[in-house]
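Engineer: Sequential numbering of the sequence shown, starting at 21, is according to this note's numbering.
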Amino acid sequence: MDTKARESHVLVLPFPVQSHINPMIQFSKRLASKGLRVTLVTTFLLTASMHADTSPIRIESLCKDIDEGGTAKETESHGDRMKRYREVGAEDLQMLIEKQSRLGYPVKCLLYDSVIPWASKVAKELGLIGAAFYTQSCSVNAIYYTIYKGLIPTPIEVATVDIPGLPLLATEELPSFVYKIDSYPHTLSLCLNQFANMDDADWHFLNTFDKLEDEVVNWLAKQSPTRMMAIGPTIPSMYLDNSMEGNNNYGLDLFTLDSESYMNWLDMKAAASVVYVSFGSLASLTENQMEEICWALKNCNYHFLWVVRELEECKLPMKFVEWCRQLQVLAHKSIGCFVTHGGWNSTLEGLSSGVPMVAMHQSADQPTNAKFIEDVWRVGVRAKGDEEGIVVRQKLENCIREVMEGERRKDEMKRNALKWKELAKEAVDENGSSNKNIEEFVTRILCFSER
21 MDTKARESHV LVLPFPVQSH INPMIQFSKR LASKGLRVTL VTTFLLTASM
71 HADTSPIRIE SLCKDIDEGG TAKETESHGD RMKRYREVGA EDLQMLIEKQ
121 SRLGYPVKCL LYDSVIPWAS KVAKELGLIG AAFYTQSCSV NAIYYTIYKG
171 LIPTPIEVAT VDIPGLPLLA TEELPSFVYK IDSYPHTLSL CLNQFANMDD
221 ADWHFLNTFD KLEDEVVNWL AKQSPTRMMA IGPTIPSMYL DNSMEGNNNY
271 GLDLFTLDSE SYMNWLDMKA AASVVYVSFG SLASLTENQM EEICWALKNC
321 NYHFLWVVRE LEECKLPMKF VEWCRQLQVL AHKSIGCFVT HGGWNSTLEG
371 LSSGVPMVAM HQSADQPTNA KFIEDVWRVG VRAKGDEEGI VVRQKLENCI
421 REVMEGERRK DEMKRNALKW KELAKEAVDE NGSSNKNIEE FVTRILCFSE
471 R
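1. State whether the segment 411-429 contacts the segment 450-464, with contact taken as three or more CB pairs (one from each stretch) at a distance under 8 angstroms.
2. With 16 as the cutoff for other CB atoms within 10 Å, does proline 173 come out buried or exposed?
3. Assuming aspartate 261 and valine 448 are in contact, meaning their beta carbons sit under 8 angstroms apart, how far apart are those beta carbons, in whole angstroms?
4. Curious, which full-length beta strand (DSSP E) runs of at least 3 residues does the segment 123-199 contain?
5. In chain order, what residues of the same chain lie with their CB nearer than 8 angstroms to the CB of aspartate 219, ignoring the 5 residues before and after it?
6. At a cut of 8 angstroms, does the segment 186-201 reach the segment 140-147 through at least three beta carbon pairs?
7. Any idea what DSSP makes of phenylalanine 225, helix, strand or coil?
8. Look at the alpha carbon of tryptophan 397 and the alpha carbon of asparagine 436, and state the distance between them as a whole number of angstroms.
9. What span of residues does the alpha helix (DSSP H) with alanine 290 cover, start to end?
10. If you follow the alpha helix (DSSP H) that arginine 398 is in, where does it begin and where does it stop?
11. With 16 as the cutoff for other CB atoms within 10 Å, does serine 121 come out buried or exposed?
12. For proline 137 and threonine 367, what's the separation of their Cα atoms in angstroms?
13. Quick check: the segment 220-228 against the segment 149-163, are at least 3 beta-carbon pairs closer than 8 angstroms?
14. So for leucine 56, helix, strand or coil by DSSP?
15. For serine 354 and aspartate 112, what's the separation of their Cα atoms in angstroms?
16. Only counting the same chain, and skipping five residues up and downstream in sequence, which positions put a Cβ closer than 6 angstroms to that of tyrosine 296?
17. Smallest Cα separation from glycine 405: which of Asn365, Ile313, Asp395 and Phe225?
18. Just how far apart, CA to CA, sit threonine 62 and cysteine 129?
19. To test your reading of the DSSP string, which unbroken alpha helix (DSSP H) runs of 4 or more residues are found completely within the segment 209-262?
20. Since tyrosine 204 sits in a beta bridge, which residues does DSSP pair it with?
21. Drop a sphere of 10 angstroms on the beta-carbon of alanine 179, count the other beta-carbons inside from all chains shown, and report buried for 16 or more, exposed for fewer.
22. With distances taken Cα to Cα, identify the nearest neighbour of phenylalanine 461 among Asn238, Val237, Ile251 and Ser39.
23. Going by Cα to Cα distance, which pick from Ser383, Asp385, Gly109 and Lys391 is closest to methionine 377?
24. Suppose only complete runs of 3+ residues qualify. What are the beta strand (DSSP E) ranges in the segment 347-413, listed by chain order?
25. Taking the CB atoms as reference points, tell me whether threonine 388 and valine 181 lie closer together than 7 angstroms.
26. Near alanine 162, what residues of its chain come up, given a Cβ to Cβ distance below 8 angstroms and the 5 sequence neighbours on each side ignored?
27. Measure from the alpha carbon of alanine 290 to the alpha carbon of each residue in Met264, Tyr322, Glu427 and Ser263, then state which is nearest.
28. What does DSSP give as the partner residues of serine 475 in its beta bridges?
29. What's the gap between the Cα of methionine 258 and the Cα of alanine 351?
30. Can you list, in chain order, the residues of its chain with a C-beta nearer than 7 angstroms to that of lysine 434? Leave out the 5 residues immediately preceding and following it.
31. Report the option in Ser196, His206, Val401 and Lys445 whose CA atom is closest to the CA atom of serine 383.
32. Indicate, with yes or no, if the ligand HEM has a heavy atom lying under 6 angstroms from the CB of glycine 409.
33. When burial is assigned at 16 or more other CB atoms within 10 Å of the CB, is methionine 248 buried or exposed?
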């Protein structure tokens, strides 16, 4: 290995769930393609359960005691588990960094998920460059930042909220952890405390691209004393600039895949004739909601591909695809509509694929993303739930029909979707804003290694 690459070593620490790992592993591949040595660190349990194809980056593990039992307790709270993850993780991380030095691969930069702010302390103590990576949209992070700073008092008792760089937001368009303040207090704390050590990071990376969220990116960057930049979209390059040979998937899948059957089925369908339905790796729908979706799809009478996780299959009367490579499906010419929960990774994938969406948001950042899908980027419609949070069959059916054949907005949504697809590709092209930002960081790491 080239000496400079050996000395230009970046250790990447994502929060250990797939929705956080995917964008960070793709960013890691970008860095590796530009000459850096990159090692991704996650938990033993997650590493063991992943189907890994992560070349050209390396994988290391930590927190074995938490994953394999040890002092772990099945009945412990989320807050207690996060506390132990912080305590054990910080110690294991420092030992791993010291081990890399002994092996001749000294770490120069610790790139950590922003929801792991304790990692910045490890970086400072070891004299490393510290870089925070924000996996959610810049708009959602700006909301959390204003609440963390006390600029928006909680609980929120007003009908609308005005935040710099964002459109006026109704309370229910904020992340669910915010407008339902007592729903998941530990998760809200995790999101707010991203900014606890904000000033300690040498770099801040935003999982977006400038033209998608330009105003709020500029505003949030001004709140940081150190460099904050957009480096997305962080999806495999085959679906963007195709600059990285063989980079057609993220490389980590927690579920077994059998793509041949559903891709062959899609090949037999006409262009823009299929509705693709997926609610991500974490969202759990009630049996009642699943039934409403079934009836909506049946009544629409379109071909559809619905991805249902194995744990959810018991709620349905028939067989569905258990998991798939979403980008591979979205890029297929037969897909005319994407029914999504509106998680940020799925939203970026839909935008980068040029596919109009029906946003059927559930929780977390999804209500905000759904607002932008419909009213800001104008690439889809929202299927809103009733007073119990259930999206009834007629509502969902109407939304799907609006995207697939609506006289009023179908063409506009498709034009806008294709526009954002081109702008996403433009951002990571050689002269694109995201690529230039990544090049700036790589140059800084290489210079730091020469000191």
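All C-beta atoms, glycine included, are put in the ideal place defined by N, C-alpha and C.
Structural biologist: Well, looking at it:
1. no
2. exposed
3. 5 angstroms
4. 127-133 and 149-154
5. Ser244, Pro245 and Thr246
6. no
7. strand
8. 7 angstroms
9. No alpha helix (DSSP H) holds alanine 290; DSSP gives it neither H nor E.
10. No alpha helix (DSSP H) holds arginine 398; DSSP gives it neither H nor E.
11. By the neighbour-count rule (16 or more Cβ atoms within 10 Å), serine 121 is not buried but exposed.
12. Distance between the alpha carbons of proline 137 and threonine 367: 25 angstroms.
13. Cβ pair count under 8 angstroms is three or more, so yes.
14. coil
15. 47 angstroms
16. Leu325, Val349, Ile355 and Phe358
17. Nearest in C-alpha terms to glycine 405, of all of Asn365, Ile313, Asp395 and Phe225, is Ile313.
18. C-alpha of threonine 62 to C-alpha of cysteine 129: approximately 16 angstroms in a straight line.
19. Whole alpha helix (DSSP H) segments, 4+ residues: 234-242.
20. Note: tyrosine 204 sits in no beta bridge, so no partner.
21. exposed
22. Ile251
23. Lys391
24. 355-360, 377-379 and 400-402
25. No, the Cβ-Cβ distance between threonine 388 and valine 181 is not below 7 angstroms.
26. Ile183, Pro184, Gly185, Leu186, Val236, Trp239 and Leu240
27. Tyr322
28. Residue 475 falls outside the range modelled here, since the chain spans only 21 to 471, and no answer is possible.
29. C-alpha of methionine 258 to C-alpha of alanine 351: approximately 10 angstroms in a straight line.
30. Pro376
31. Ser196
32. By its list of ligands, the structure shown contains no ligand whatsoever, and the ligand HEM lies outside what it can speak to.
33. It counts as buried.
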